[in-house]
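This report refers to the structure that appears directly beneath it.
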Amino acid sequence: MAASIEFECVHYRLSSGVAVLEDVSFTVERGEVLVLVGRSGVGKTTVLRLINRLLLPSAGTVRVEGRPTTEWDPIALRRRIGYVLQEVGLFPHMTIGRNIAVVPHLEGWPSDRIRARCAELLELVGLDPVSYEGRYPHELSGGQRQRVGFARALAADPPVVLMDEPFGALDPLTRSEMHREFRRIQERVRKTVVMVTHDMGEAFALATRLGVLAEGRLVALDTPEAIACAGDPRIRMFLEALPPVPVVSRVSH
Amino acid sequence: MRRCRPYRSYPVYLIDFWISHRAEMLGALAQHVVLTLVATATAIAIGVPLGIVAARRPRLGAALLAFANIVQTVPSLAMFGFLVAVPLIGGVGARSALIVLFLYALLPVMRNTVAGIHGIERAAREAGVAMGMTARQLLLQVELPLAMPTIVAGVRVAAVVGVGAATIAAAIGAGGLGDYIFRGLSMTDPTVILAGAVPAALLALAVDATLGWLERGLTPGAARQRRVTFRAVAATAIAIALIVTASFALSGRWGTRVIIGSKNFTEQVILGELLAQTIERATNLRVDRRLNLGGTFICEEALRAGAIDAYVEYTGTALTAIFHQPVVPDRA
């Protein structure tokens, strides 16, 4: 399988000189779900922002589909990458349908194709197109908004989806329901997903591979099973923060 | 013995006055609406883009807002008087008045545009950028629509303040409802003052209510977009109808040759009118009347600046107030 995203000795420093990421290297294969865990402020979001060129690395190279992000036109790159945020970031002045249609609209799709795609995506994320298309974001619950956010990220069928603590603001029951939904949808669409979270349980529930970030470095990157047995204290720390380690329940691929 | 008018019957006098002056009243109202509307529209056309720039570049924005703040602190009467003497843009009449009213309207529009853009949720902007919107697309599809209720709130303040400030524009011959207020003041007749002040206040309230309604309609989540579009269209249609009506009412005032001024008391208005009619009878020139200008200083400045061609002055006033000569008393 070809690498979809590649980090090669990536450093990222703030303009103040503070190092956020140091010497981070990893690859994400096509169709894989890579979940990065780490404490707040450890540079997880920076990793995502380096992928869609909201940031450029201070040193090293980030490649998306084989091309360094510095060589991508940022607009073209971002339209090939779906983005899901914790706050969802739905546009409050647009209907659900219009929100989902943002990227197809920017790409100039004909309106009947946008309409069909929108209905298809609402079906996919488990919302009835007829009753939800015309509603506004404030009329939806947190979980429903997050489903719409996911549909919006998938709208133009991007090969890559980035998710920044997508389920962080949801209550535990809704969150585990969304985990099931995510696995069901990913089973169908097979996107390359990079997700960051500080919830180790979520990481175990969703990851194909799991990376642990600590002090700006990637200290581990392996399958959830291997991570669960790791002896490194920087990894054990996260495992011990979990409630009694859950049985790893994943849909096998 | 002199009897004062009983207070309770003011409304009766007022209504009598309106009925007997109805054609003139409607003209003054139309002038007033046009002054406010044109000044506010210009402030939107210039203030919103400036606000967008100011929101993007904090240092430039601070300078722009500081300038607009300073303008706002100048008393409007002083600014009207000052502008009479300024070449090119100044003079008496509607044009100078529009410039002053525009400068007053600029600050609220600009400040609210900046506040509206800064007030947008970080996540919405970030989502737009991350989805590959260009700066222009982000502005038109996300930032401006979300900032719109705040911008409209600024326009609302600008328009209401503008209705008030436009009454003072009568001092430099711009017409409008302020004519009655100044006339009433110089006649010490409260009925005439109220004849201008009451419609001006009602106009301000009507503008406030209309724009408030538009503002609520534009707030995301408060209403469906279709209804908002309808409101915007309705408001625009009303505005256009007002402009058309008013420009018909005003069309007689523009494109004239000789401009006759006068100060703002009855004798002066009569003298100015006599002068105007004499010229009209004796020549083929068209005469524009800028009567009721707010005092000697404004008449003098208007004359010097070429904004009026003639007004009647008194030898004593001319000697002391204009030529600043000492008064030579008679030897007793």
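Just so you know, the protein sequences line up as chains A and B, in that order.
Counting with my numbering, you get residues 1 to 253 for the letters of the first sequence.
Counting with my numbering, you get residues 254 to 585 for the letters of the second sequence.
Beta carbons: idealized from backbone N, C-alpha and C, even for Gly.
List the residues of chain A whose Cβ lies closer than 8 Å to the Cβ of residue i, in chain order.
i	result
residue 399 of chain B	91, 92, 93
Since residue i meets chain A, which of its residues come closer than 9 Å, beta carbon to beta carbon?
i	result
residue 376 of chain B	85, 86, 87, 88, 89, 90
residue 379 of chain B	54, 83, 85, 87, 89
Is residue j closer than 8 Å to residue i when the C-beta atoms are compared?
i	j	result
residue 193 of chain A	residue 51 of chain A	no
residue 221 of chain B	residue 449 of chain B	Limits of chain B in this structure are 254 at one end and 585 at the other, which puts residue 221 of chain B out of reach.
residue 144 of chain A	residue 127 of chain A	yes
residue 418 of chain B	residue 318 of chain B	no
residue 386 of chain B	residue 83 of chain A	no
residue 177 of chain A	residue 86 of chain A	no
residue 148 of chain A	residue 140 of chain A	yes
residue 544 of chain B	residue 511 of chain B	no
residue 514 of chain B	residue 284 of chain B	no
residue 360 of chain B	residue 325 of chain B	yes
residue 405 of chain B	residue 456 of chain B	no
residue 161 of chain A	residue 45 of chain A	no
residue 10 of chain A	residue 28 of chain A	no
residue 48 of chain A	residue 79 of chain A	no
residue 403 of chain B	residue 381 of chain B	no
residue 137 of chain A	residue 99 of chain A	yes
residue 467 of chain B	residue 453 of chain B	no
residue 367 of chain B	residue 304 of chain B	yes
residue 570 of chain B	residue 580 of chain B	no
residue 329 of chain B	residue 421 of chain B	yes
residue 81 of chain A	residue 101 of chain A	no
residue 179 of chain A	residue 221 of chain A	no
residue 67 of chain A	residue 96 of chain A	no
If you follow the beta strand (DSSP E) that residue i is in, where does it begin and where does it stop?
i	result
residue 545 of chain B	540-546
residue 112 of chain A	No beta strand (DSSP E) contains residue 112 of chain A, which is instead part of the alpha helix (DSSP H) from 111-124.
residue 211 of chain A	209-214
residue 164 of chain A	160-164
residue 221 of chain A	217-222
Quick one: list the residues of chain B neighbouring residue i, beta-carbon separation under 7 Å, in chain order.
i	result
residue 34 of chain A	None at all; the shortest Cβ gap to chain B is about 18 Å.
residue 78 of chain A	383, 384, 385
residue 106 of chain A	385, 386, 390
residue 75 of chain A	385, 387
Could you check where the alpha helix (DSSP H) with residue i kicks off and where it finishes?
i	result
residue 105 of chain A	102-106
residue 293 of chain B	275-309
residue 148 of chain A	142-154
residue 412 of chain B	397-421
residue 335 of chain B	329-337
residue 212 of chain B	Coverage of chain B is limited to positions 254 through 585, which leaves residue 212 of chain B absent and any answer about it impossible.
residue 432 of chain B	431-440
residue 131 of chain A	129-132
residue 174 of chain A	172-189
residue 53 of chain A	Counting along the chain, residue 53 of chain A falls outside any alpha helix (DSSP H), and DSSP gives it neither H nor E.
residue 464 of chain B	443-471
residue 240 of chain A	233-240
residue 135 of chain A	That residue, residue 135 of chain A, is in no alpha helix (DSSP H); it is neither H nor E in DSSP.
residue 391 of chain B	388-391
Tell me, please, which residues DSSP counts as bridged to residue i.
i	result
residue 62 of chain A	A:7
residue 197 of chain A	A:37
residue 516 of chain B	B:546
residue 68 of chain A	A:63
residue 12 of chain A	A:21
residue 81 of chain A	A:160
residue 192 of chain A	A:160
residue 511 of chain B	B:540
residue 270 of chain A	Given that chain A is displayed from residue 1 to residue 253, the structure contains no residue 270 of chain A and the question cannot be resolved.
residue 563 of chain B	B:513
For residue i, go through chain A and note every residue whose CB falls closer than 7 Å to its CB, in chain order.
i	result
residue 395 of chain B	91
Looking at the C-beta of residue i, does it have a partner C-beta in chain C at a distance below 8 Å?
i	result
residue 103 of chain A	The structure shown has no chain C; the protein chains it does contain are A and B.
*asked:* With three or more beta-carbon pairs closer than 8 Å as the criterion, would you say the stretch 370-384 of chain B touches the stretch 58-71 of chain A?
replied: Using a Cβ-Cβ distance cut-off of 8 Å, the stretch 370-384 of chain B and the stretch 58-71 of chain A are not in contact, since fewer than three pairs of beta carbons, one from each stretch, lie closer than that value.
*Is it a yes or a no for the stretch 176-196 of chain A touching the stretch 217-224 of chain A, going by three-plus beta-carbon pairs under 8 Å?*
Touching, no, given that fewer than three Cβ pairs across the two stretches are closer than 8 Å.
*So, do the stretch 547-555 of chain B and the stretch 332-339 of chain B have three or more beta carbon pairs nearer to each other than 8 Å?*
yes
*asked:* Does the structure place the stretch 399-412 of chain B close enough to the stretch 525-538 of chain B that three or more beta carbon pairs sit under 8 Å?
replied: no
*Between the stretch 200-211 of chain A and the stretch 32-45 of chain A, do three or more beta carbon pairs fall short of 8 Å?*
yes
_Given 8 Å, three or more beta-carbon pairs between the stretch 4-15 of chain A and the stretch 57-67 of chain A_ = yes
*Would you be able to state if there are at least three C-beta pairs under 8 Å between the stretch 300-318 of chain B and the stretch 439-447 of chain B?*
No, because fewer than three Cβ pairs between the stretch 439-447 of chain B and the stretch 300-318 of chain B fall closer than 8 Å, the two stretches do not touch.
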